[in-house]
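Protein sequences, first through last, are from chains A and B. 0 is the number of the first residue of the first sequence in numbering that gives the first Met the number 0; add one for each residue after it. 0 is the number of the first residue of the second sequence in numbering that gives the first Met the number 0; add one for each residue after it. The C-beta atom is built at its ideal place from N, Cα and C for all residues, glycine as well. Quantities reported herein were computed from a predicted structural model and do not represent experimental measurements. Worksheet: the structure to be examined is printed underneath.
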Amino acid sequence: MPQPSRFRRTLIQVMSVQVLALLLLWALQARYAS
Amino acid sequence: MHWINWVILVSYIVYVVWDGLRRTKGTVNIEGYFLANRNLPWWAVGLSVMATQLSAVTLIGTTGQGATDGMRFVQFYFGLPLAMVILGVTLVPFLHGAKVYTAYEYLERRFDAKTRSLTSFLFLMSRGMSAGTIIAAPAVVFSAVFGWDLTWSVALIGVPTVLYTVLGGVQAVTWADVKQMVVIVSALAAIVVVLLMRMPVPLDDALRVAGATGRLVVFDFSFDVTKTYTFWSGVLGGTFLMLSYFGTDQSQVQRYLTARSVDEARSSLLMSAYWKIPLQALVLLVGVLVYLFYLFQAPPLLYNPAHEAQVRSSAPVEYAAMEQRYVAAGVEREAAARNVVSAREAGDGAAETRALDGFRAAEASVTAVRTEALDRAASVTGQSSRDVNYIIPRFVLDHLPIGLAGIFLAAVLAAAMSSIAAELNSLSTATVVDFYQRWVKPDGSDAHLLAVSKISTAIWGAFACVVATYAATLGSLIEVVNRFGSFFYGSILGVFLLAMMPRARALGAFVGLIVGMLTVAAVSFGAPSVSFLWHNVIGAVTVVAVGVLLSGPTRNQTTS
Numbered sequence: 000m001p002q003p004s005r006f007r008r009t010l011i012q013v014m015s016v017q018v019l020a021l022l023l024l025w026a027l028q029a030r031y032a033s
Numbered sequence: 000m001h002w003i004n005w006v007i008l009v010s011y012i013v014y015v016v017w018d019g020l021r022r023t024k025g026t027v028n029i030e031g032y033f034l035a036n037r038n039l040p041w042w043a044v045g046l047s048v049m050a051t052q053l054s055a056v057t058l059i060g061t062t063g064q065g066a067t068d069g070m071r072f073v074q075f076y077f078g079l080p081l082a083m084v085i086l087g088v089t090l091v092p093f094l095h096g097a098k099v100y101t102a103y104e105y106l107e108r109r110f111d112a113k114t115r116s117l118t119s120f121l122f123l124m125s126r127g128m129s130a131g132t133i134i135a136a137p138a139v140v141f142s143a144v145f146g147w148d149l150t151w152s153v154a155l156i157g158v159p160t161v162l163y164t165v166l167g168g169v170q171a172v173t174w175a176d177v178k179q180m181v182v183i184v185s186a187l188a189a190i191v192v193v194l195l196m197r198m199p200v201p202l203d204d205a206l207r208v209a210g211a212t213g214r215l216v217v218f219d220f221s222f223d224v225t226k227t228y229t230f231w232s233g234v235l236g237g238t239f240l241m242l243s244y245f246g247t248d249q250s251q252v253q254r255y256l257t258a259r260s261v262d263e264a265r266s267s268l269l270m271s272a273y274w275k276i277p278l279q280a281l282v283l284l285v286g287v288l289v290y291l292f293y294l295f296q297a298p299p300l301l302y303n304p305a306h307e308a309q310v311r312s313s314a315p316v317e318y319a320a321m322e323q324r325y326v327a328a329g330v331e332r333e334a335a336a337r338n339v340v341s342a343r344e345a346g347d348g349a350a351e352t353r354a355l356d357g358f359r360a361a362e363a364s365v366t367a368v369r370t371e372a373l374d375r376a377a378s379v380t381g382q383s384s385r386d387v388n389y390i391i392p393r394f395v396l397d398h399l400p401i402g403l404a405g406i407f408l409a410a411v412l413a414a415a416m417s418s419i420a421a422e423l424n425s426l427s428t429a430t431v432v433d434f435y436q437r438w439v440k441p442d443g444s445d446a447h448l449l450a451v452s453k454i455s456t457a458i459w460g461a462f463a464c465v466v467a468t469y470a471a472t473l474g475s476l477i478e479v480v481n482r483f484g485s486f487f488y489g490s491i492l493g494v495f496l497l498a499m500m501p502r503a504r505a506l507g508a509f510v511g512l513i514v515g516m517l518t519v520a521a522v523s524f525g526a527p528s529v530s531f532l533w534h535n536v537i538g539a540v541t542v543v544a545v546g547v548l549l550s551g552p553t554r555n556q557t558t559s
């Protein structure tokens with residue numbers, strides 16, 4: 000099993016990129032679909 | 000189609016097969032044939048994982064869905080990144096570290112032979128049929144667009160794929176996947192560039208028009224289990240589905256078992272975690288841009304040329320009248336779209352609101368005529384029209400520059416081949432390792448098992464091509480198999496979750512698997528409105544609950 004700290008770091012990195020992607024999609028919806 | 004496009008398409012096929020043949024050297028045992036001696040770099044495995052999941056349906060069906068329904072489908076993938084991270088710390092180290100060939104082999108080490116055989120059998124049954132449908136989907140479109148007999152379309156896609164998969168094994172499959180991903184992403188990017196260059200109005204205004212039709216609605220936060228695509232079904236149901244698919248489906252598990260180490264296997268999955276949502280959003284955006292393109296360019300009333308010809312010949316006068324009404328409604332819609340643009344450029348908010356209302360009304364008129372045509376096509380041909388799958392192929396052939404159309408068709412072929420090759424390779428692995436070697440010839444020599452593996456791959460390939468050729472006739476059977484498949488996807492995940500619990504025992508896992516499948520079947524028939532994404536959650540949770548309940552407080556004696 001990987002070190003907990005390493006897992007936390009990976010999880011944070013992956014989820015940060017996803018949050019960024021979702022924010023971009025949210026911005027697309029907010030600007031054009033309202 | 001222009002001959003240059005054909006040259007590109009044929010060159011691509013020849014190159015993939017030649018490269019596959021080149022990789023047959025050095026494969027002397029089944030570890031090389033099925034797992035590339037567990038020596039592939041993470042980036043190649045990662046691209047292979049992505050290519051396997053991206054089928055031809057994604058390129059022609061999902062882009063079409065973007066054109067007609069918009070971006071909301073992207074919610075389906077919201078659970079994928081989390082699932083990949085969870086797999087990276089749970090199943091991947093278990094499976095990779097156990098040095099197994101199949102995910103189900105691990106279940107025998109942890110539980111017993113019957114749990115392994117049942118899960119592997121369920122995989123073979125479901126994936127055996129789906130390999131046929133993966134070939135059939137693009138083959139049917141190719142047939143309709145080019146007017147070919149379906150058998151030839153199936154042969155064009157199936158024969159080269161079977162050839163390089165049989166001869167080259169997983170090495171050929173993975174390295175072909177790498178090139179296929181490059182072709183697919185390049186083709187998508189090129190289409191976006193062409194669409195942007197040909198947009199007659201500023202992109203900002205065009206997107207506002209698309210937004211008025213609801214096509215840029217990405218998020219639906221309603222907690223409604225009858226809706227397929229919502230934020231919650233994507234995050235919760237999607238996580239379970241992706242855990243099942245990437246964690247327990249041999250066609251995916253085998254990809255990362257070829258990686259050099261556990262860390263490289265993890266990294267290969269994380270590539271999908273980073274890129275899947277942006278890539279899927281790009282695919283859907285291509286569809287939205289094609290919709291916008293056809294606002295300013297007369298679109299076909301029916302995109303499926305075969306259905307169009309049939310309806311035209313069966314009711315020529317009526318169809319011509321429908322076309323006239325469609326053209327008139329299209330002209331009005333274009334004028335309404337340009338009104339929106341003018342109002343925005345003038346900075347007149349009230350006028351923009353009025354123009355948007357006018358555009359929505361014009362859009363409704365266009366949709367009404369098209370719905371009428373689709374109903375007519377369904378009654379004339381006796382088939383569900385699936386016209387959405389023809390939007391992008393028609394756009395590509397009618398409007399893309401020479402060369403680019405060939406690259407796009409090569410990309411469709413690449414997407415189909417990568418998914419089929421992975422399925423054939425994994426079907427053969429499960430057949431040989433979980434059944435032939437386990438029950439028939441445990442002491443078979445390397446040369447013997449390698450020969451059996453190649454024969455098994457060829458038989459699965461031939462079976463997939465036959466299913467694809469008769470897909471229309473077998474429609475209801477395939478539907479039954481697919482539905483049956485959905486009963487056990489989540490349940491198999493439940494068994495793997497149990498495998499990671501020290502107290503779980505073989506009896507609990509086996510009975511849990513059966514109870515889980517029956518529960519999902521009961522929900523599927525008893526409450527058909529519940530979206531299939533929730534079936535995986537129900538199946539997995541039931542198996543774990545039953546398995547834990549039936550397992551005593553002591554650890555299974557057979558645990559390794």
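Using a Cβ-Cβ distance under 8 angstroms, would residue i count as near chain B?
i     : result
L24/A : yes
Who pairs with residue i in a beta bridge, going by DSSP?
i     : result
L39/B : A258/B
Using a Cβ-Cβ distance cut-off of 8 angstroms, determine whether residue i contacts chain A.
i      : result
G87/B  : yes
V216/B : yes
V44/B  : no
G346/B : no
G213/B : yes
P80/B  : yes
S559/B : Because S559/B sits at a pLDDT of 41, beneath the cut-off of 50, its placement in the model cannot be relied upon, and the following sentence gives the value as read from the coordinates. No, S559/B lies away from the interface with chain A (no Cβ there is under 8 angstroms from its Cβ).
V340/B : no
V84/B  : yes
V9/B   : no
Cα separation between residue i and residue j?
i      : j      : result
G210/B : V216/B : 7 angstroms
T57/B  : D442/B : 42 angstroms
A350/B : F75/B  : 37 angstroms
R369/B : M196/B : 27 angstroms
I513/B : L8/B   : 46 angstroms
T212/B : Y488/B : 35 angstroms
W151/B : Q309/B : 21 angstroms
V13/B  : G157/B : 13 angstroms
K98/B  : M70/B  : 41 angstroms
C464/B : L548/B : 44 angstroms
N38/B  : A258/B : 6 angstroms
D18/B  : I454/B : 20 angstroms
W231/B : A112/B : 37 angstroms
M270/B : A102/B : 21 angstroms
L281/B : V330/B : 29 angstroms
G167/B : G65/B  : 36 angstroms
V27/B  : D433/B : 20 angstroms
Y302/B : I401/B : 20 angstroms
D397/B : S54/B  : 23 angstroms
P299/B : Y389/B : 11 angstroms
At a Cβ threshold of 8 angstroms, is residue i touching chain E?
i     : result
V73/B : This model lacks chain E altogether, as its protein chains are A and B.
Quick check on DSSP: helix, strand or coil for residue i?
i      : result
G213/B : coil
M499/B : coil
A342/B : helix
N389/B : For the sequence presented, residue 389/B should be read as Tyr rather than Asn. Helix at Y389/B.
A314/B : coil
K24/B  : coil
N303/B : coil
A569/B : This structure leaves residue 569/B out entirely; chain B is present only between 0 and 559.
G329/B : helix
S530/B : coil
T227/B : coil
R504/B : coil
R554/B : Residue placement at R554/B is poorly supported in this model, since its pLDDT is 49, which falls under 50; the coordinates still yield a value, given next. Correct three-state label for R554/B: coil.
S418/B : helix
S452/B : helix
In the stretch 258 to 282 of chain B, which residues sit with their C-beta less than 7 angstroms from some C-beta in chain A, listed in chain order?
L269, A272, Y273, I276, P277, A280
Residues of the stretch 186 to 210 of chain B in Cβ contact with chain A at a cutoff of 8 angstroms, in chain order, please.
L206, R207, A209, G210
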